[in-house]
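Enquirer:
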Amino acid sequence: FDVELNENGAFEYIKNSVKIDELARKHGYFILISTLKNKDSKEVLSLYRRKDKVEKNFDNLKNYLDFKRLRTHKDSTTEGKLFVGFISLIIKSYMEYKLKDYFTKNNSSTEKIFRELKKIKIVTVNNGQHLMAPLTSKQKKILNEFNIVEDEIMSYINSI
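Read in order, the letters of the sequence shown are residues 587 to 746 in this note's numbering.
1. Out of curiosity, what's the CA-to-CA distance linking Q725 and K691?
2. So the candidates are D652, I676 and S741; which of them puts its Cα closest to the Cα of L717?
3. Give the DSSP bridge partners of I600, in chain order.
4. Nearest-angstrom Cα distance between T710 and S723?
5. Please state whether the Cβ-Cβ distance between L618 and L631 is less than 8 Å.
6. Can at least three beta-carbon pairs, one atom from the stretch 727-737 and one from the stretch 681-688, be found at a separation below 8 Å?
7. Let me check one thing: in DSSP terms, what residues is V709 bridge-paired to?
8. Between S694 and the ligand NAP, is the CB less than 7 Å from at least one heavy atom?
9. Is the Cβ-Cβ distance between I673 and I708 less than 8 Å?
10. Run the CB neighbour count on I728, radius 10 Å, all protein chains shown included, and call it buried at 16 or more, exposed below.
11. Using the Cβ count rule (16 or more neighbours within 10 Å means buried), how would you classify I606?
12. How big is the Cα-Cα spacing for V604 and F597?
13. Given a cut-off of 8 Å, decide if L651 and L675 are closer than it, judged by their beta-carbon atoms.
14. Roughly how many angstroms separate the alpha carbons of N713 and D638, rounded to a whole number?
15. Measure the beta-carbon distance from G671 to F653 and round it to whole angstroms, keeping in mind my assumption that it falls under 8 Å.
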């Protein structure tokens, strides 16, 4: 729209169809400007996407994994907490990579997956024996994406 102030002090606007059409043609496109003269457009786009992945991972670290404030008083504690956060981020990224197809097929998200996996219950009875509640079909599907079967979980639990 073209906006002007008329002689009465009121705003007037007129639809600018040419500008609207021009913007509509660019809908769904973006422009990436780079100072890297020795890189072609595909290389620049690849670098941009890698940078975007790194930024999203830092966002995950701060928000999803709750590392906004470290709340530590010793350097060794800070290093330890950052190390655990980094490993957590690697595991989360790997899980999202492995579950990419599952997300699409099952209209799911990382949060839904973790919520479902948290429901897996293992109890230890007085004699030290471990018992696991039966897995739901959804839990089995998720674990299948990592090539994990129910028996392997119990074998691992009994080995510790």
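Idealized CB from N, CA, C, for every residue including glycine.
Expert: Straight from the coordinates:
1. Along the sequence shown, read from residue 1 onward, the residue named residue 725 stands at position 139. Along the sequence shown, read from residue 1 onward, the residue named residue 691 stands at position 105. Taking the straight line from one Cα to the other gives about 15 Å.
2. Translated into the one-based positions of the sequence shown, residue 717 becomes position 131. Closest in C-alpha terms to L717, from the list D652, I676 and S741, comes S741.
3. By one-based count along the sequence shown, residue 600 stands at place 14. DSSP lists D588 as partners of I600.
4. Walking along the sequence shown from the start, residue 710 turns up at place 124. Walking along the sequence shown from the start, residue 723 turns up at place 137. Whole-angstrom Cα-Cα distance: 23 Å.
5. What you label residue 618 is simply residue 32 of the sequence shown in a count that begins at 1. What you label residue 631 is simply residue 45 of the sequence shown in a count that begins at 1. In this structure, L631 lies closer than 8 Å to L618 by Cβ.
6. They touch, by the three-pair rule.
7. In the sequence shown, counting from the first residue as 1, residue 709 sits at position 123. Answer is L717.
8. As far as ligands go, the structure on display features none, and thus does not contain the ligand NAP.
9. Here residue 673 refers to the residue found at position 87 of the sequence shown. Here residue 708 refers to the residue found at position 122 of the sequence shown. No.
10. In the sequence shown, counting from the first residue as 1, residue 728 sits at position 142. Result: buried.
11. Working through the sequence shown from its first residue, we reach residue 606 at position 20. Residue environment analysis places I606 among the exposed positions, since fewer than 16 neighbouring C-beta atoms fall within 10 angstroms of its C-beta.
12. Here residue 604 corresponds to residue number 18 of the sequence shown, with the count starting at 1. Here residue 597 corresponds to residue number 11 of the sequence shown, with the count starting at 1. Each residue's Cα considered, the two are about 21 Å apart.
13. The residue you call residue 675 lines up with position 89 of the sequence shown. The residue you call residue 651 lines up with position 65 of the sequence shown. Yes, the Cβ-Cβ distance between L675 and L651 is below 8 Å.
14. On the sequence shown, position 127 is the one that residue 713 refers to. On the sequence shown, position 52 is the one that residue 638 refers to. N713 and D638: Cα-Cα distance of roughly 52 Å.
15. Against the sequence shown, residue 671 aligns to sequence position 85. Against the sequence shown, residue 653 aligns to sequence position 67. Contact annotation, G671 with F653: C-beta distance approximately 5 Å; criterion of less than 8 Å satisfied.
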